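Asks: Numbering of the sequence shown is given in my numbering, commencing with residue 729 and proceeding in unit increments. Pasting a structure below so you can have a look.
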Amino acid sequence: MRAVTDRLTHLRSDARDNRERILEAARAVFAADGLDAPMRKIARTAAVGPATLYRHFPTKQELVTEAFSERMRACYVVVDEGLADPDPWRGFSTVIERLCELQSRDRGFTAAFMSSYPGAMDFAADRGHALGSFAALARRAKEAGRLRADFTLDDLILVLMANGGIQAPSPAARVAASRRFAALAVQAFRASPDAAPLPPAARLAFVAA
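Shown next as structure tokens:
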């Protein structure tokens, strides 16, 4: 009986390990190739067979949603903490800065957040919640006279799209460049722009299209 129990425990442990490898591989492949990356490449990267992959995640929609659920929770925390800040402009600025940094560290998450991925209804609802909370924060910042009156949620999407296009010779340089870009964006959104110092400039790589 003990031998059977040990075998079942070992099988469950192997299944957990396979699942974590698949999720880690999916995040890496989606970050490099986008959400259109084939499932077979994810299986190869995770060093599992296609049958194992599909046993854990029968559809790509399920894999995308699960792979980025932790990132979405981090996004929730960023927006909710900004909304809870008694200074709405500080909260608004912090959300822009932290979202840009999250994006610079994980482009796969950004692709999932920005897209309307077929069938990922839970993820779409999460995105709607985050954007709704940010819209409430923006309204408070406008009412305080700190955020320019013509700011819209489309401007946030524009910032994330532009930030996602940053090319740099290393991950650290990409994060540094993202921080500077976020500071520039925040200054542009001020109702009365000032000359607050920017973060240090980063040396960037020019990549041919």
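Backbone N, C-alpha and C define an ideal beta-carbon position, used for all residues, glycine too. Please read all numbers here as calculations on a predicted model, not as lab measurements.
Would you tell me roughly how many angstroms separate the C-alpha atoms of residue 920 and residue 876, rounded to the nearest one?
Replies: Near 8 Å, if we compare the C-alpha coordinates of residue 876 and residue 920.
Asks: Helix, strand or coil for residue 875? Go by DSSP, reduced to three states.
Replies: Strand at residue 875.
Asks: Hey, how far is the Cα of residue 907 from the Cα of residue 879?
Replies: So the two alpha carbons sit approximately 20 Å from each other.
Asks: Does residue 916 pass the burial test, meaning 16 or more other C-beta atoms within 10 Å, or should it be called exposed?
Replies: When all chains shown are included, residue 916 counts as exposed.
Asks: Quick one: is residue 809 buried, meaning 16 or more other Cβ sit within 10 Å of its Cβ, or exposed?
Replies: Residue 809 comes out exposed.
Asks: Whole angstroms are fine: how far does the CA of residue 784 sit from the CA of residue 743?
Replies: So the two alpha carbons sit approximately 9 Å from each other.
Asks: Does the segment 750 to 769 touch the segment 813 to 822, meaning 3 or more C-beta pairs lie closer than 8 Å?
Replies: These segments do not touch.
Asks: Assuming residue 754 contacts residue 791 under a Cβ cut-off of 8 Å, what Cβ separation, rounded to an integer in Å, is found between them?
Replies: Right, their Cβ atoms sit about 5 Å apart.
Asks: Cα-Cα, which of 856, 900, 898 and 807 is closest to residue 866?
Replies: Measuring from the Cα of residue 866, the nearest candidate turns out to be 807.
Asks: Whose C-beta lies closer than 6 Å to the C-beta of residue 746 among residues of the same chain, with five residues either side of it excluded?
Replies: The answer, listed in chain order, is 776 and 780.
Asks: Using CA coordinates, which residue listed in 797, 758, 788 and 750 is at the minimum distance from residue 772?
Replies: Cα-wise, what sits closest to residue 772 is 750.
Asks: Can you tell me where the alpha helix (DSSP H) with residue 816 in it begins and where it stops?
Replies: From DSSP, the alpha helix (DSSP H) with residue 816 extends over 816 to 833.
Asks: Taking buried to mean at least 16 other C-beta atoms within 10 Å of its own C-beta, is residue 831 buried or exposed?
Replies: Burial call: buried.
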